[in-house]
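> Structure in structure tokens, see below.
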Amino acid sequence: MAYVVTPPATVGVPVNGTGDLFPVRRIFCVGRNYAAHAREMGHDPDREPPFFFTKPADAIVICADPRNPTKVAYPPATKNLHHEMELVVAMKSGGSDIPVEKALEHVFGYGVGLDMTRRDLQNQAKDMGRPWDMGKGFDQSAPIGEIYPAAKIGHPSKGTIQLDVNGKTRQKSDLNALIWSVPETISYLSGLVALAAGDLIYTGTPDGVAAVVRGDTLSGFVDGCGTVTCTLV
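Quick note: the sequence shown uses my numbering, first residue -4, plus one each step.
What follows is the structure in structure tokens.
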């Protein structure tokens, strides 16, 4: 049998230090996983169970060269586009009900990404009791840098996470401020869905989220995990 239309291409993220690509299967994002960000969004940061939303794989846009910012389109239907700087986990294997102590065995590596958010659409959806999809899962809503193999950098549990906009720091925290650690997040998520090779997990953003406009250059990093740099057009 043949496909009736041309199948979509597999989305690939460059792997640092190689000519290889990490194939993206699904993108999961953790909501409100830093206490200060939870507070700035008007929520109690106590250790409530994590929650998740998704983005389509083709929301990925590669923004790995800090010297040459990738052009990212300012999306339609919004007047309030926000940046959310995040550590990204790339899975090499998965399964269901993964124990916390086994979770890191399933991680291929780590990267740096932006969860771009049409905040006005998201808030409107919240107010109406509707899904967030169009606030979170639009085209080019998941800029990302290179994937750094865990075999090369280990499994970071601390280190600076920072985003600058036009050279001024907007977000800055430490990975040790995550409410749910990477192993805990993987374990919990695997109790909801069967994780698999190719899945990406955006692990949550620190406080300092704010609006950006066309012409702004966003430049972020996580210690040891690379950079993400783009200009909105």
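In this text, a Cβ means the ideal position worked out from N, Cα and C, and glycines have one as well. These numbers were taken from a predicted model, which means no experiment stands behind them.
(1) What residue does the beta strand (DSSP E) around E81 start on, and which one ends it?
(2) Give me whichever residues DSSP pairs with Q157 in a beta bridge.
(3) Would L99 and P178 qualify as a contact pair, given that the criterion is a beta-carbon distance under 8 Å?
(4) Sorted by chain position, which residues of the same chain lie with C-beta nearer than 8 Å to A51's C-beta, five sequence neighbours on each side aside?
(5) If L158 and R113 are in contact, beta carbons under 8 Å, what's the gap, nearest whole angstrom?
(6) Whose C-beta lies closer than 6 Å to the C-beta of D218 among residues of the same chain, with five residues either side of it excluded?
(7) Tell me, which residues are paired with R113 by DSSP?
(8) Name, in chain order, the residues that DSSP records as bridge partners for D195.
(9) Any idea what DSSP makes of V188, helix, strand or coil?
(10) With DSSP run on the structure shown, which of helix, strand or coil describes A(-3)?
(11) Since Y105 sits in a beta bridge, which residues does DSSP pair it with?
(12) Using a Cβ-Cβ cutoff of less than 8 Å, which residues in the same chain neighbour H38 once the five nearest sequence positions on both sides are dropped?
(13) How is T49 classed by DSSP in three states: helix, strand or coil?
(14) Could you have a look at Y183 and say whether DSSP puts it in helix, strand or coil?
(15) Select from T13, Q119, T49 and P138 the residue whose C-alpha is nearest the C-alpha of L227.
(16) Please name the residue in I55, C220, M80 and P61 whose C-alpha comes closest to that of V229.
(17) Can you tell me the Cβ-Cβ gap for V101 and V160, rounded? I've got them flagged as a contact below 8 Å.
(18) If the criterion is Cβ atoms closer than 8 Å, does the pair L173 and T212 meet it?
(19) Here's the rule I'm using: 16 or more other beta-carbon atoms within 10 Å means buried, otherwise exposed. How should P201 be labelled?
(20) Would you call the stretch 62 to 77 in contact with the stretch 181 to 189, where contact means no fewer than 3 C-beta pairs closer than 8 Å?
(21) Anyone know if the C-beta pair for T180 and P94 falls short of 8 Å?
According to the data block:
(1) Its beta strand (DSSP E) spans residues M80 to M86.
(2) In DSSP, Q157 forms a bridge with K167 and F216.
(3) Cβ atoms of L99 and P178: closer than 8 Å.
(4) One point to set straight first is that residue 51 is Pro, not Ala, in the sequence displayed. I22 and G132, listed in sequence order.
(5) Incorrect: roughly 18 Å between the Cβ atoms, too far for contact.
(6) For D218, the CB contacts under 6 Å within the same chain, skipping 5 residues up- and downstream, are G154 and T155 in chain order.
(7) Paired residue(s): L76.
(8) The sequence given here places Leu at residue 195; Asp does not occur at that position. Answer is I22 and A85, bridged to L195.
(9) It is coil, neither helix nor strand.
(10) Of the three classes helix, strand and coil, the one that applies to A(-3) here is coil, per DSSP.
(11) Paired residue(s): V84 and Y143.
(12) Here H38 has R27 as same chain residues with Cβ atoms under 8 Å from its own Cβ, once five neighbours each way along the sequence are excluded.
(13) T49 falls in the strand class under three-state DSSP.
(14) Collapsing the DSSP output to three states places Y183 in a helix.
(15) When only C-alpha atoms are compared, the closest one is P138.
(16) Outside the displayed range of the chain (-4 to 228) lies residue 229, so it cannot be described from this structure.
(17) Per the sequence presented here, residue 101 reads as His, with Val not at that position. About 34 Å separates the beta carbons of H101 and V160, which is beyond the 8 Å limit, so they are not a contact pair.
(18) With a cutoff of 8 Å on beta-carbon distance, L173 and T212 are scored as not near each other.
(19) With 16 or more Cβ atoms within 10 Å of its Cβ, P201 is classed as buried.
(20) These segments do not touch.
(21) No, they are not a contact pair.
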